Amino acid sequence: MDDTICAPATAPVHSPIAIIRVSGPDSLRVASSIFTGKNQASQFTPRYAYYGIIHDSNEEIDDCILIYYKRPYSYTGEDMVEIFCHGNPIIVNKIINSITAHNVRIAQPGEFTRRAFLNGKMDLTEAEAINHIIAARSEWEIATAMQQKHGSLKNAISDIKQNIIELKADVECAIDFVEEDIEIVSHEDALKRIHAIINKIEDILNRCKIGQRLCGGIDIAIVGKPNAGKSSFLNCILNHERAIVSDTPGTTRDVIKESVSIKGIQCNLLDTAGIHAHADGIERLGIQRSYKLIEEASLIIFIIDAVAGFTSDDEHIVTMIDTKPYIPVINKVDIATQESVALIQGTIKKQGVLFSAKTGYGLPALEDAIYQFITSQYVEYKNSFIADIRMIQLLEQSLEYAREARNQIYVESPHEIIASALQNVIDTIGAVTGEITVDDVLNSIFSRFCIGK
Ligand SMILES: Nc1nc2c(ncn2[C@@H]2O[C@H](COP(=O)(O)OP(=O)(O)OP(=O)(O)O)[C@@H](O)[C@H]2O)c(=O)[nH]1
Ligand SMILES: [Mg+2]
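Mapping of the sequence shown onto this note's numbering: residues 2 to 454, in sequence order.
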């Protein structure tokens with residue numbers, strides 16, 4: 002990369018400090034042209050902070066701190082300069098203009114990270130992780146992305162790749178000795194090894210898919226008959242009055258979606274229209290949406306009105322949700338009689354969570370129940386990976402090639418054919434980390450990043 006790029010690394014809002022990044026061979030030259038301080042930029046010691054004034058050809062712009070990073074010891078692996086100025090978008094723009102006046106161009110989204118990748122500072126699994134560290138909505142995602150940034154997925158892939166390379170080497174070695182009838186790798190041994198490889202790829206793929214589901218958040222539908230307290234329940238968990246609550250049945254018509262972190266995992270709560278037998282008009286449309294969400298959601302919270310008791314509408318709802326994972330929540334326990342609560346407990350098959358959307362009673366128990374569901378459903382969630390669709394498709398393709406190689410080994414195909422089948426697996430799995438990537442692929446990957454990263 003022989004051109005020099007720059008971009009703000011912080012959001013265009015008023016804030017105490019903003020950061021502007023410059024990367025490329027001209028970084029220090031540009032810094033020298035726009036910075037005046039006790040130390041001249043051309044004499045900067047790398048990774049030391051220098052105070053001075055940034056100016057353009059006409060005027061002083063702002064007091065700044067400037068740090069110079071000498072290649073390859075920078076984020077991108079190139080010469081870099083970071084300018085810390087006051088966080089006013091007008092100042093940031095002026096500084097950017099003064100930099101671009103020196104034959105520097107504005108960076109594309111993700112271009113700094115793209116350069117880091119091209120300079121061997123990180124592979125694509127680590128680059129993806131960085132994107133998620135920035136965009137994550139839950140503690141789980143940040144923790145998982147951090148592990149991945151430190152190589153969890155890269156190491157898992159390179160471990161598999163090493164196994165395949167070794168197997169292929171043994172198979173190829175056998176090609177050389179085929180005349181002499183020396184057995185380098187036995188049929189059983191080769192089969193055992195390819196099985197182990199297949200299991201490992203399946204395991205990684207599974208963990209990537211779990212990560213993918215958890216990144217988007219778990220969809221949790223709140224269902225129940227009208228007036229059961231679904232919207233009150235949503236507001237209670239969010240701790241603010243998001244949905245309209247009223248004692249008129251049929252208040253909620255549309256689906257209301259809000260995300261919340263429950264024990265560090267992002268959950269998308271979906272408040273729905275109350276389900277009952279005699280709806281018509283708009284209410285009926287709303288109920289159809291509730292049915293659709295019952296189909297699509299990963300988990301259902303079934304709100305039962307402890308004052309109204311378990312009615313025929315509730316019976317109907319149970320038949321709708323019975324095949325899905327659901328948590329019964331017996332709401333309004335603050336005003337219901339103990340007999341009524343006990344009656345409902347006796348009627349429903351599952352252990353219900355006693356709850357009051359009015360007082361917040363039962364909230365910790367409910368969060369426990371949701372968390373327990375997630376951890377049982379996604380057992381490997383703590384060891385999951387954060388992959389994009391491209392990586393998942395490549396892993397699926399690798400799995401297919403590995404199965405193909407297994408079949409070739411199984412039917413005792415010529416060694417050359419087995420070796421070539423194994424090479425397909427090596428190439429495909431290598432593409433996950435970005436060993437062989439064409440420009441188009443890189444464009445689509447890094448365009449999802451933000452400017453300045
Ligand atoms: N005392 C008490 N009242 C509650 C509780 N939860 C909800 N309510 C009341 O029950 C009524 C209905 O509450 P909503 O949250 O609107 O019920 P909903 O299930 O969303 O109703 P629809 O949208 O019409 O289907 C309101 O008057 C709430 O104040 C609770 O835990 N305790
Ligand atoms: Mg409602």
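Idealized CB from N, CA, C, for every residue including glycine. Note that this is a predicted model, so its numbers are computed, not measured.
How would you call residue i, buried or exposed, if buried means at least 16 neighbouring beta carbons within 10 angstroms?
i      : result
Gln149 : buried
Ser448 : exposed
Asp27  : buried
Ile345 : buried
Arg407 : buried
Ile1   : With the chain running from 2 to 454 in the structure shown, residue 1 is simply not present.
Arg116 : buried
Ala102 : exposed
Glu340 : exposed
Lys39  : exposed
Lys383 : exposed
Val14  : exposed
Ser24  : buried
Asn104 : exposed
Lys454 : buried
Leu355 : buried
Asn132 : buried
Gly121 : exposed
Gln44  : exposed
Ser153 : buried
Phe48  : A small correction: the amino acid at residue 48 is Arg; Phe does not occupy that position in the sequence shown. Counting Cβ neighbours within 10 Å, Arg48 comes out exposed, since fewer than 16 surround it.
Ile195 : buried
Gly282 : exposed
Asp306 : buried
Val439 : exposed
Leu29  : buried
On the DSSP bridge assignment, give the partners of residue i in chain order.
i      : result
Ala19  : Cys86
Ala8   : Arg22
Leu300 : Ile221
Lys258 : Leu271
Asp306 : Asn332
Ile107 : Cys7
Taking the CB atoms as reference points, tell me whether residue i and residue j lie closer together than 7 angstroms.
i      : j      : result
Pro329 : Gly353 : yes
Asp272 : Lys231 : yes
Ile35  : Ser99  : yes
Tyr411 : Val426 : no
Asn240 : Ile198 : no
Ala42  : Ala32  : yes
Arg243 : Ala274 : no
Val308 : Ala337 : yes
Ile349 : Val342 : no
Asn269 : Asp220 : yes
Ile158 : Val442 : no
Ala130 : Ala146 : yes
Phe118 : Ala128 : yes
Gly435 : Asp124 : yes
Ala10  : Ile20  : yes
Ala222 : Ala298 : yes
Glu142 : Cys65  : no
Phe450 : Pro110 : yes
Ile322 : Ile301 : yes
Ile54  : Leu67  : no
Ile62  : Ile97  : no
Flag residue i as yes when its Cβ comes closer than 6 angstroms to any non-hydrogen atom of ligand 4, and as no otherwise.
i      : result
Thr252 : Here the bound small molecules are ligand 1 and ligand 2; ligand 4 is not part of this structure.
*Would you be able to state if there are at least three C-beta pairs under 8 angstroms between the segment 51-62 and the segment 3-20?*
No, the segment 3-20 does not touch the segment 51-62.
*asked:* Threshold first: 3 residues or longer. Then list the beta strand (DSSP E) segments lying entirely within the segment 310-346, N to C.
replied: 327-332
*Using 8 angstroms as the threshold, is the segment 204-213 in touch with the segment 414-422, meaning 3 or more CB pairs across them?*
no
*Entirely within the segment 344-381 and at least 4 residues each: give me those alpha helix (DSSP H) ranges in chain order.*
Segments of the alpha helix (DSSP H) lying fully in the segment 344-381: 364-378.
*Fully enclosed by the segment 260-296, which beta strand (DSSP E) runs are 3 residues long or longer?*
266-272
*Does the pairing of the segment 281-295 with the segment 357-367 give three or more beta-carbon distances under 8 angstroms?*
When Cβ pairs closer than 8 angstroms are counted between the two stretches, the segment 281-295 is seen not to touch the segment 357-367, the count staying below three.
*Mind the definition here: the segment 374-385 touches the segment 395-402 only if three or more C-beta pairs lie below 8 angstroms; say whether that holds.*
Taking a contact to require three or more Cβ pairs closer than 8 angstroms, the segment 374-385 and the segment 395-402 do not qualify as touching.
*For the 8 angstroms Cβ check, are there 3 or more pairs between the segment 90-99 and the segment 67-78?*
no
*Can you give, in chain order, each stretch of the beta strand (DSSP E) that sits fully within the segment 199-251 and has at least 3 residues?*
219-225
*Using 8 angstroms as the threshold, is the segment 136-151 in touch with the segment 257-268, meaning 3 or more CB pairs across them?*
yes
*Can we say the segment 306-319 touches the segment 218-233, given the rule of at least three CB pairs closer than 8 angstroms?*
In short, these stretches touch, since the Cβ pair count reaches three.
*Mind pulling the alpha helix (DSSP H) runs of 4 or more residues that sit fully within the segment 375-444?*
390-411 and 416-434
*Whole alpha helix (DSSP H) elements within the segment 136-184, 4-residue minimum*: 140-150 and 153-177
*asked:* Count Cβ pairs between the segment 156-171 and the segment 185-193 that sit closer than 8 angstroms; are there 3 or more?
replied: Touching, yes.
*Counting only runs that start and end within the segment 26-88, where is the alpha helix (DSSP H) found for 4 or more residues in a row?*
28-35
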